[in-house]
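Notes to accompany the following structure.
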Amino acid sequence: MSVHPTSGEPKPEGMSRRSFLRTSAVFGTGLAALAAGLAPLLDVKNFPSLQQFMQKYYKELTPEEMAVVLKRIENEVERQYGIRPHVRDLKPMDGVEFVYCLNLTRCIGCRKCVHACVAENNQSRNPEIQYIRVLQMENGSLDMEKAVHDYDPAKVPEKEHFYMPVQCQQCKNPPCVKVCPVHATWQEPDGITVIDYDWCIGCRYCEAACPYWARRFNFAKPSIPKDRLNPEMDYLSNRPRSQGVMEKCHFCLQRTRAGRYPACVEVCPTGTRKFGNILDPNSEVSYILKTKKVFIQLKEELGTSPRFFYYFDV
Amino acid sequence: MKGSTKTSLVIYGLMGVFLLLAAAFLMNLWGQTAERPQIPLVDPEFIKTATVRTSYAELVSAKADLSDFDCYGCHEKGKPPILRFDDKHNLLIPDEHKDIVMGHGRNNRNNLCTNCHDENNLELFQTRDGRELKFSESTELCGSCHGPTYRDWSAGAHGRTSGYWNREMGPISRKDCVSCHNPHSPKFPGRQPAPPPHTLRPPLTQPAHAAAEGEH
Chain A
158 MSVHPTSGEP
168 KPEGMSRRSF
178 LRTSAVFGTG
188 LAALAAGLAP
198 LLDVKNFPSL
208 QQFMQKYYKE
218 LTPEEMAVVL
228 KRIENEVERQ
238 YGIRPHVRDL
248 KPMDGVEFVY
258 CLNLTRCIGC
268 RKCVHACVAE
278 NNQSRNPEIQ
288 YIRVLQMENG
298 SLDMEKAVHD
308 YDPAKVPEKE
318 HFYMPVQCQQ
328 CKNPPCVKVC
338 PVHATWQEPD
348 GITVIDYDWC
358 IGCRYCEAAC
368 PYWARRFNFA
378 KPSIPKDRLN
388 PEMDYLSNRP
398 RSQGVMEKCH
408 FCLQRTRAGR
418 YPACVEVCPT
428 GTRKFGNILD
438 PNSEVSYILK
448 TKKVFIQLKE
458 ELGTSPRFFY
468 YFDV
Chain B
24 MKGSTKTSLV
34 IYGLMGVFLL
44 LAAAFLMNLW
54 GQTAERPQIP
64 LVDPEFIKTA
74 TVRTSYAELV
84 SAKADLSDFD
94 CYGCHEKGKP
104 PILRFDDKHN
114 LLIPDEHKDI
124 VMGHGRNNRN
134 NLCTNCHDEN
144 NLELFQTRDG
154 RELKFSESTE
164 LCGSCHGPTY
174 RDWSAGAHGR
184 TSGYWNREMG
194 PISRKDCVSC
204 HNPHSPKFPG
214 RQPAPPPHTL
224 RPPLTQPAHA
234 AAEGEH
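Chains as they are written, first to last, in the numbering used here: chain A, 158 to 471; chain B, 24 to 239.
Right, dumping it as structure tokens:
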């Protein structure tokens, strides 16, 4: 190829001018296409800061490091929402195991708990994320396949129906914790299964593993109106989440670990919801489990052993 | 020369494809996220923790108007009111008490005012076992008949609880029976439910509620 057979003149080694231009034109258009394809990346905001990116696992953080992390979260929330929140990291109390009891005889299906929960826990309003689903079922059945989620009559309760709110059952044997590949979710000593939103990779295995459909995924960046942000926050519970992480009911950890009742208990107009420490023999939940007769641990046969009990007034 | 032409063709073809791709990306011809439907914010009424009624004790502590409880503003002392019934033994409620709907107990069998009210002192209650109670002690009165419910209420299992589950960290707040139940017709009234969930996926059939909400 070094000597052209017809002209007899020696051609330069390698690339001719024409093939150089040709190749660079292709390269140029290729790069342009690549750049155009990557252009949407310029629109991405809220990249994790280096500090957040390098943050250690929740259980490995020393109290001093945790203080730095909480400060960072407070700054970030203030930057995004213009409100200085109070972010804490409340630890489980000794001798406390939380149990929830829900009286199916009393529930009228008014969904106040659903929205009190959203307001308390800074859940996304659009797309909507709700931890509690209220199922409407016909009397005499417990067929959740036929349960209605989006009933909306003028007045509840409707005749011949009963209502069953379902949320995270805080299992003693939680399937969601077992499937997490990065240990971003675990069970705390007081029985609450929590999520470290900074450690979650958003694989949604836990969502698939949960038999109660209790876990929610942030498909988009949560949108919370500034005037509805709850500034009382906790690291493991209601601080604003980012896009692509899981979240779920945590028994209002920011309230219950400070001795208060969860938001859903406080808002229930019929006193259907009962919450307390099962290790305290004088608590309401101890009384209910001792004296009431009929219990349902939802999908008991799966062996998840929920800390959430449904009962009837008999 | 033939090989060279082929190479040119391939390369110009590639250029064309790249240019088209670049144009497509710039004009954002695909991968556009669908417009998210607007979801109206929930009415703050639904997240209020107030009970459905206000008990006498709460009215007193709120320094509200108590003229409704001033029986001897109209009645005469020492003269028990006379109850009148129709031929089916339904209590005839006088016009002055028109706001009272009698519905305590089934089959209209508990329609005697004096079952609870003391005819000799209208500003007191009387229990069946002969105790006299003030308006603010109405829960004791209810408990004199509704034993199991009263027992559950005392243990915190019936009725509203708010405040602190941990009594060492703060007080628990309990409500009287009449904070939720109307004593004259105690069955808990139906109420409007809060809006149902909006799913990410648009529903196959438009629920009537969503259509109605889109208007305002």
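Glycine included, every Cβ here is placed at the ideal spot set by N, Cα and C.
#### Entry: Residues of the stretch 102 to 133 of chain B whose Cβ lies closer than 9 Å to any Cβ of chain A, in chain order
Of all residues in the stretch 102 to 133 of chain B, none has a Cβ within less than 9 Å of some Cβ in chain A.
### Query
Which whole-angstrom value is the C-beta distance of Gln327 of chain A and Phe408 of chain A, which I expect to be below 8 Å?
About 6 Å; that satisfies the 8 Å criterion.
#### Entry: Within 9 Å of chain A by C-beta, residues of the stretch 199 to 221 of chain B in sequence order
Contacts with chain A (Cβ-Cβ distance below 9 Å) from the stretch 199 to 221 of chain B involve Cys203, Phe211, Pro212, Gly213, Arg214, Gln215, Pro216, Ala217, Pro218, Pro219, Pro220 and His221, listed in chain order.
### Message
Please list, in chain order, the chain B residues whose beta carbon lies closer than 7 Å to that of Phe469 of chain A.
### Response
Neighbours of Phe469 of chain A on chain B: none; closest Cβ ~12 Å, over 7 Å.
### Query
With respect to the alpha helix (DSSP H) encompassing Cys421 of chain A, which residues constitute its N-terminal and C-terminal limits?
Note, Cys421 of chain A: alpha helix (DSSP H), Ala420 to Val424.
### Query
Using a Cβ-Cβ distance under 8 Å, would Phe41 of chain B count as near chain A?
By this cut-off, Phe41 of chain B is an interface position.
### Message
I'd like to know whether the C-beta of Ser159 of chain A is nearer than 8 Å to at least one C-beta of chain B.
### Response
Note that Ser159 of chain A scores 48 on pLDDT, short of 50, meaning its location in the model is unreliable; the coordinates nonetheless yield the value given after this. The beta carbon of Ser159 of chain A does not come within 8 Å of any beta carbon belonging to chain B, so the residue lies off that interface.
### Message
Would the stretch 255 to 273 of chain A count as touching the stretch 304 to 319 of chain A if we require 3 or more Cβ pairs under 8 Å?
### Response
Yes, they touch.
### Message
Just to confirm the assignment, what range does the alpha helix (DSSP H) spanning Phe210 of chain A have?
### Response
Boundaries of the alpha helix (DSSP H) around Phe210 of chain A: Leu207 to Phe210.
### Message
Can you pull out the residues from the stretch 181 to 196 of chain B whose beta carbon lies closer than 9 Å to at least one beta carbon of chain A?
### Response
Along the stretch 181 to 196 of chain B, going in chain order, the ones with a CB nearer than 9 Å to a CB of chain A are His181, Gly182, Arg183, Thr184, Ser185, Gly186, Tyr187, Trp188, Asn189, Arg190, Glu191, Met192, Gly193 and Ile195.
### Message
Taking the beta strand (DSSP E) that Asp384 of chain A belongs to, which residues open and close that run?
### Response
No beta strand (DSSP E) holds Asp384 of chain A; DSSP gives it neither H nor E.
### Task
Could you name each continuous alpha helix (DSSP H) segment of 4 residues or more that falls completely within the stretch 68 to 107 of chain B, going from the start of the chain to the end?
Runs found: 79 to 84.
### Query
Is the shortest distance between the beta-carbon of Arg373 of chain A and the beta-carbons of chain B less than 8 Å?
Arg373 of chain A does not count as touching chain B.
### Message
Let me see if you follow: with CB-CB separation under 8 Å, is Glu238 of chain B close to chain A or not?
### Response
Model confidence at Glu238 of chain B stands at a pLDDT of 42, short of 50, so the residue's coordinates are unreliable; what they give is reported in the following sentence. When Cβ-Cβ separations below 8 Å define contact, Glu238 of chain B makes no contact with chain A.
### Message
Using a Cβ-Cβ distance cut-off of 8 Å, determine whether Ile435 of chain A contacts chain B.
### Response
No, because no Cβ of chain B sits closer than 8 Å to the Cβ of Ile435 of chain A.
### Query
Taking the alpha helix (DSSP H) that Gln411 of chain A falls in, what are its first and last residues?
That run of the alpha helix (DSSP H) goes Leu410 to Thr413.
#### Entry: Under 9 Å by beta carbon: chain A residues contacting Thr74 of chain B
Per Cβ cutoff of 9 Å: Pro426.
### Amino acids of chain B, ordered along the chain, whose beta-carbon sits closer than 8 Å to that of Ala311 of chain A
Per Cβ cutoff of 8 Å: Gln215.
### Message
I'd like to confirm something about Ile453 of chain A: is its beta-carbon nearer than 7 Å to some heavy atom of the ligand NAD, or not?
### Response
For the ligand NAD, the structure offers nothing, since it holds no ligand at all.
### Query
With 16 other CB atoms within 10 Å as the buried threshold, where does Ile445 of chain A fall?
Counting Cβ neighbours within 10 Å, Ile445 of chain A comes out buried, since at least 16 surround it.
### Message
Please give me, in chain order, every unbroken run of the alpha helix (DSSP H) with length at least 4 that falls completely inside the stretch 303 to 380 of chain A.
### Response
Restricted to the stretch 303 to 380 of chain A, the alpha helix (DSSP H) segments that are unbroken, complete and at least 4 residues in length are 332 to 336 and 362 to 366, listed in chain order.
### Query
Under 7 Å Cβ-Cβ, which residues of chain B neighbour Pro382 of chain A?
The contacting residues are Leu64.
### Task
Pull out every residue of the stretch 277 to 310 of chain A whose Cβ sits closer than 8 Å to any Cβ of chain B, in chain order.
Near chain B, meaning a CB-to-CB distance below 8 Å, the residues of the stretch 277 to 310 of chain A are Arg282, Asn283, Pro284, Glu285, Gln287, Arg290, His306, Asp307, Tyr308, Asp309 and Pro310.
### Query
Interface residues of chain A around Leu44 of chain B at Cβ under 8 Å?
Per Cβ cutoff of 8 Å: Ala190, Ala193 and Gly194.
#### Entry: Extent of the continuous alpha helix (DSSP H) to which Arg174 of chain A belongs
Arg174 of chain A -> alpha helix (DSSP H) spans Arg174 to Leu195.
### Message
Quick check on the burial criterion: 16 or more other C-beta atoms within 10 angstroms. Buried or exposed for Met403 of chain A?
### Response
Under this definition Met403 of chain A is a buried residue.
### Message
With H, G and I counted as helix, E and B as strand and the rest as coil, what does DSSP make of Lys431 of chain A?
### Response
The answer is strand: DSSP assigns Lys431 of chain A an E or B state.
### Task
Below 6 Å CB to CB, which residues in the same chain sit around Ile453 of chain A once its five sequence neighbours on both sides are set aside?
Apart from sequence neighbours up to five positions away, the residues of its chain that approach Ile453 of chain A with a beta-carbon distance below 6 Å are Tyr467, ordered along the chain.
### Task
Return helix, strand or coil for Cys270 of chain A, following the three-state DSSP convention.
In the structure shown, Cys270 of chain A sits in a helix (DSSP, three-state: H, G or I).
#### Entry: Backbone CA spacing between Cys357 of chain A and Glu302 of chain A [nearest angstrom]
Glu302 of chain A has its alpha-carbon roughly 30 Å from the corresponding atom of Cys357 of chain A.
### Query
Between Asp122 of chain B and Val226 of chain A, what straight-line distance do the alpha-carbon atoms span, to the nearest angstrom?
Going by the C-alpha atoms only, they are around 59 Å apart.
### Asn113 of chain B burial status per 10 Å Cβ neighbour count (16 or more: buried)
Result: exposed.
### Query
Could you check where the alpha helix (DSSP H) with Leu164 of chain B kicks off and where it finishes?
For Leu164 of chain B, the uninterrupted alpha helix (DSSP H) run begins and ends at Ser161 to Gly166, by DSSP.
### Cβ separation of Cys363 of chain A and Arg372 of chain A, assumed to be a contact under 8 Å, to the nearest whole Å
Cys363 of chain A to Arg372 of chain A, Cβ: 5 Å. Contact.
### Query
Can you name the residues that DSSP bridges to Ser185 of chain B?
DSSP, once it has assigned bridges, lists B:Ser196 as partnering Ser185 of chain B.
### Task
Give the straight-line distance between the Cα atoms of Asp251 of chain A and Asp391 of chain A, rounded to the nearest whole angstrom.
C-alpha separation (whole angstroms): 19 Å.
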